[in-house]
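Right, one structure below, let's go through it.
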Amino acid sequence: IRLVEIKYIPPQAAIEPMVKDLATQGIKVEIYGAADKLLKAYYVGGTTADERGTFMIMDGSDMPYVTSIPIMEGGLRVRYAVKGDQWRDKTVFGYDPETITYVSVEYPKQKSKSFVLERAAGGYSVKPYFDVTPPSTTPYRQGSAENYLTGFQRVIAEAFENQNPLRDTITQRVPFCVIELRTSDGNARKFTFHPVTERNSPTNAPIPVIESYLVDIEPDGDFVLLQHNLVKQILRPYEHFF
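Under the numbering used here, read the sequence shown as residues 153 to 394, first letter to last.
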């Protein structure tokens with residue numbers, strides 16, 4: 153939006169068809185500032201014949217312009233023709249490790265691998281998630297908790313899956329992993345990981361290697377697709393810290 157410039161003022165003969173295009177197919181853009189004050193409103197229409205300029209007109213004006221972004225070729229309409237979740241930031245984890253005070257990682261089908269990591273005086277404590285799991289007799293590996301928490305710094309989803317028709321069915325299954333995370337400002341979130349099972353095309357047999365997960369996020373209410381390679385650092389077992 154900031155980079156859009158007027159490329160040229162159209163000739164008189166082109167104004168009427170441009171206005172008609174904007175009136176019938178224009179995308180209305182409203183830009184708001186502090187206190188929801190409307191700063192600017194305009195319409196984005198189609199492109200010129202060479203597709204190097206885009207029709208735009210200010211709300212309330214009868215003079216359209218041909219616009220462009222000087223550093224790029226092509227029409228601009230596609231940048232505005234997005235809906236719903238397409239506008240949204242796909243960041244799932246974006247934490248400063250120093251602000252994380254609590255992480256629990258539960259593997260429902262691998263209870264002995266589950267653990268709780270908490271910030272303690274002078275460092276961190278790591279213990280089994282379930283009381284029936286005996287504590288490790290191996291000494292804690294210094295720096296392992298700090299290294300583990302860096303995995304929450306920046307993880308971006310591949311896509312939002314909020315409209316996935318199988319969402320209810322998937323979330324009712326026993327998950328692979330459930331992560332609960334709390335920060336020093338009182339924020340708490342829960343992430344439930346469901347593996348995406350790929351199948352061998354000739355035999356339809358499930359492929360044992362998991363490459364991605366569908367993750368249910370609470371209290372956000374989002375359902376996202378995450379690649380395994382981006383989250384493998386946080387899907388560690390209890391013994392990782394010893």
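For every residue, glycine included, the Cβ atom is placed at its ideal position computed from N, Cα and C.
Per DSSP, the bridge partner or partners of residue i
{"i": "A193", "result": "E182"}
{"i": "P162", "result": "In DSSP, P162 forms no bridge with anything."}
{"i": "T349", "result": "Answer by DSSP bridge pairing: none, since T349 is not bridged."}
{"i": "F394", "result": "According to DSSP, which records beta bridges pairwise, F394 is partnered with nothing at all."}
{"i": "T199", "result": "T206"}
{"i": "E168", "result": "DSSP, once it has assigned bridges, lists no residue as partnering E168."}
{"i": "T344", "result": "V330, D368"}
{"i": "R271", "result": "Y276"}
Endpoints, alpha helix (DSSP H) assigned at residue i
{"i": "P280", "result": "Per DSSP, P280 belongs to no alpha helix (DSSP H); it is in the beta strand (DSSP E), 275-280."}
{"i": "R231", "result": "229-232"}
Where residue i falls, given that 16 or more other Cβ within 10 Å makes a residue buried
{"i": "A309", "result": "buried"}
{"i": "G178", "result": "buried"}
{"i": "E225", "result": "exposed"}
{"i": "A297", "result": "buried"}
{"i": "P162", "result": "buried"}
{"i": "D368", "result": "buried"}
{"i": "Y184", "result": "exposed"}
{"i": "G212", "result": "exposed"}
{"i": "V383", "result": "buried"}
{"i": "Y160", "result": "exposed"}
{"i": "L190", "result": "exposed"}
{"i": "M208", "result": "buried"}
{"i": "L318", "result": "exposed"}
{"i": "T206", "result": "buried"}
{"i": "F393", "result": "buried"}
Residue i vs residue j beta-carbon contact at 8 Å
{"i": "I158", "j": "T253", "result": "no"}
{"i": "I331", "j": "V376", "result": "no"}
{"i": "V348", "j": "L366", "result": "yes"}
{"i": "F328", "j": "F345", "result": "yes"}
{"i": "R154", "j": "V196", "result": "no"}
{"i": "L269", "j": "V255", "result": "yes"}
{"i": "Y281", "j": "S266", "result": "yes"}
{"i": "V234", "j": "V307", "result": "no"}
{"i": "V278", "j": "Y292", "result": "yes"}
{"i": "S364", "j": "L378", "result": "yes"}
{"i": "L174", "j": "P216", "result": "yes"}
{"i": "R240", "j": "F312", "result": "yes"}
{"i": "K263", "j": "V326", "result": "no"}
{"i": "V171", "j": "D214", "result": "yes"}
{"i": "E250", "j": "G227", "result": "no"}
{"i": "N314", "j": "D372", "result": "no"}
{"i": "S288", "j": "E182", "result": "no"}
{"i": "T335", "j": "Y247", "result": "yes"}
Residue i - containing beta strand (DSSP E), residue span
{"i": "Q379", "result": "374-379"}
{"i": "I369", "result": "364-370"}
Alpha helix (DSSP H) segments (min. 4 residues) lying fully within the region 279-336: 296-301, 319-323
Ordered list of alpha helix (DSSP H) runs contained in the region 207-269, each at least 4 residues: 229-232
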